[in-house]
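Please read the structure below before turning to the comments.
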Amino acid sequence: MIKSSILLVEDDLQVAESLKQILSSYFDVEISTSAEQAYQILQDKDFSIILSDLKLPGISGLELLKKIRGIGLTTPFVMITAFGDIPTAVEATKLGATDFLRKGDLDPKELINKLLNLLEDSDFEFVCGSEKTKNLLAISRRVAKTDSTVLILGESGVGKEVLARYIHKVSPRASRPFVAVNMAAIPDTLVEAELFGYEKGAFTGAERRKPGKFEIASGGTLLLDEIGDMPLHLQPKVLRVIQEKKVERIGQSSSAPIKIDVRIISTTNKNIEKMVKDGTFREDLFYRLSVVPLKIPPLRERKEDIPPLVNYFISKLSRKYEVNISIEDKALKKIKEYDWPGNVRELQNVVERAFILSWSGTKYVTITSDAIVTSADEINLQTAGHNQEANDNQNSITPENKRTDFTKAIPEEQQELKSCIQTLSIDNLNIKNMEKIFIIKALERTGGNKSKAAQLLGITVRTLRNKLKELKLEDKNSHLPSSE
Ligand SMILES: Nc1ncnc2c1ncn2[C@@H]1O[C@H](COP(=O)(O)OP(=O)(O)OP(=O)(O)O)[C@@H](O)[C@H]1O
Ligand SMILES: [Mg+2]
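Residues 2 to 485 in this note's numbering are what the sequence shown lists, from first letter to last.
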């Protein structure tokens with residue numbers, strides 16, 4: 002069995018070793034005793050999960066989280082906090098921590114289950130129902146057997162990255178790394194270092210050797226995501242690396258280039274052929290990257306995919322929250338009739354939001370058509386004269402960053418809730434994090450009184466108790482912070 006890998010950041014070696022022992026039957030655990038060391042390790046190696054103590058000797062777990070999210074690393078990050086650190090843990094979830102655990106609560110079996118669940122969440126499937134998509138997958142499976150370059154085209158949110166992962170998963174390279182580099186997310190000046198790596202001293206700030214993504218992906222697949230954003234001056238260099246199958250780190254003596262063996266998949270939502278005509282993308286690189294071009298049609302042109310996708314998103318939510326979710330026929334009809342300009346991503350967001358709006362903490366939930374609020378509803382609202390000023394772009398669900406007014410599903414009489422949602426500014430919209438934040442806020446506001454907090458939250462005390470347990474928020478000594 003190939004085990005998933007965990008980077009455990011813990012300065013207390015005794016604690017670290019005992020955690021490693023607990024986890025080692027399921028995971029390969031590497032220990033780092035400081036955040037600085039962990040950051041260095043993460044430059045060279047990918048892990049399935051990072052499990053980090055909050056309090057560390059040098060920079061804290063929180064700062065480590067900030068740093069790694071800052072360089073675009075999306076590895077699930079679980080923060081281990083000591084007693085009394087709840088506000089910091091909440092801060093951590095806002096910064097992109099996937100979850101947090103209380104030190105005293107580390108029951109081995111639960112810990113393992115939690116981590117396995119996390120991995121399952123980062124798992125994926127390419128769901129399909131239409132003939133168009135089935136054919137696309139059949140071609141993809143044939144292509145996967147070869148080493149040809151693949152260029153995946155399609156509008157934003159159609160599933161280009163999911164298809165790239167699918168090709169990797171069904172290819173002979175599946176047990177080797179899948180490495181993605183998003184050209185649009187890295188500043189132009191850093192793309193070269195990111196792709197090719199560098200030697201110590203290659204430029205100011207290059208304090209130690211760093212391998213590039215071509216090297217890290219060795220034996221596996223390298224996804225050049227959003228290639229339309231690759232800086233023009235870098236394109237001949239990338240072409241050379243692909244042609245010669247050799248890479249030189251920046252500052253490396255040219256006598257010893259590194260041999261690489263990677264399958265390249267690229268994606269773009271731009272009109273790349275037009276870019277070639279306009280001279281903003283090199284023709285030779287375009288041909289090299291697009292030996293097999295695959296176009297994913299927009300969701301509106303393959304509506305038979307909608308029901309299985311909705312079922313897939315619902316069953317994921319059901320598993321995650323251990324609730325039984327069903328959807329009204331009228332709601333599904335509304336979903337099928339809509340055009341989905343933000344494609345599958347928009348569909349996923351709308352289904353998740355519909356679930357949030359419909360769930361009151363009980364075991365059974367039915368999603369009604371009122372809870373299905375799309376960007377078209379927002380446009381209608383705006384024409385009706387409603388003020389829909391966006392307060393940030395983080396929550397956008399369509400490529401044009403149009404905001405959906407999901408508050409529309411809230412009854413008129415609950416104006417207070419409406420204005421509260423409209424002013425809410427939380428970066429990490431993961432539902433579990435939101436639940437934690439809401440529960441903590443309610444407990445803070447009621448000085449830790451569970452009956453009052455449950456009343457505020459609109460759930461029974463028993464549900465609140467279960468949730469506290471499930472979300473690992475239960476404080477054995479009832480010392481939840483009483484201030485905001
Ligand atoms: N066929 C599918 N089955 C399951 N999930 C899908 C499918 N297609 C897309 N998704 C989901 O939709 C979201 C968007 O997919 P993805 O990131 O692959 O789109 P994209 O085409 O790369 O978008 P962008 O151009 O904005 O980068 C993801 O959350 C993904 O899991
Ligand atoms: Mg993408």
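Beta carbons are placed, not taken as given, at the ideal position from N, Cα and C, and that holds for glycine.
Asked                                                                                                               : Found
For residue 301 and residue 342, the rounded distance between their alpha carbons                                   : 8 angstroms
Three-state class that DSSP yields for residue 211 in the structure shown                                           : strand
Inter-stretch contact at 8 angstroms, needing at least 3 Cβ pairs: the region 124-131 / the region 32-41            : no
Beta-carbon proximity list for residue 171, same chain, < 7 angstroms, skipping 5 on both sides                     : 142 and 145
Nearest candidate by alpha-carbon position, reference residue 274, set 228, 317 and 469                             : 228
Stretch pair the region 146-160 + the region 200-211: three plus CB contacts closer than 8 angstroms                : no
C-beta atoms of residue 107 and residue 82 nearer than 7 angstroms                                                  : no
Near ligand 2: residue 162 beta-carbon under 6 angstroms from a heavy atom                                          : yes
For residue 259, the nearest candidate out of 92, 290, 282 and 212 (CA to CA)                                       : 212
Beta-carbon spacing of residue 23, residue 52 below 7 angstroms                                                     : no
Residue from 366, 352, 369 and 363 whose Cα sits closest to the Cα of residue 376                                   : 352
Cβ neighbours of residue 290 in the same chain (closer than 7 angstroms, five flanking residues each side left out) : 150, 152, 228, 265 and 267
Residue 119 versus residue 280: straight-line alpha-carbon distance, rounded                                        : 44 angstroms
Which residues DSSP lists as bridging residue 181, in chain order                                                   : 224
Residue 455, buried or exposed, once every other Cβ within 10 Å from all chains shown has been counted against 16   : buried
Nearest candidate by alpha-carbon position, reference residue 66, set 139, 96, 191 and 184                          : 96
Residue 127 CB to nearest heavy atom of ligand 1 below 6 angstroms                                                  : yes
Nearest neighbour of residue 165, chosen from 224, 217, 113 and 134 [CA to CA]                                      : 224
Residues near residue 116 by beta carbon distance below 8 angstroms, same chain, minus five either side             : 7, 24, 27, 28, 50, 52 and 79
Residue of 234, 299, 192 and 278 minimising C-alpha distance to residue 250                                         : 192
Three-pair Cβ contact test at 8 angstroms for the region 307-327 versus the region 365-374                          : yes
Whether residue 373 touches residue 337 by CB criterion (7 angstroms)                                               : no
Under the three-state DSSP convention, the category residue 464 falls into                                          : helix
Proximity of residue 451 and residue 465 at Cβ, strictly below 7 angstroms                                          : yes
Residue 362: CB within 6 angstroms of a non-hydrogen atom of ligand 1                                               : no
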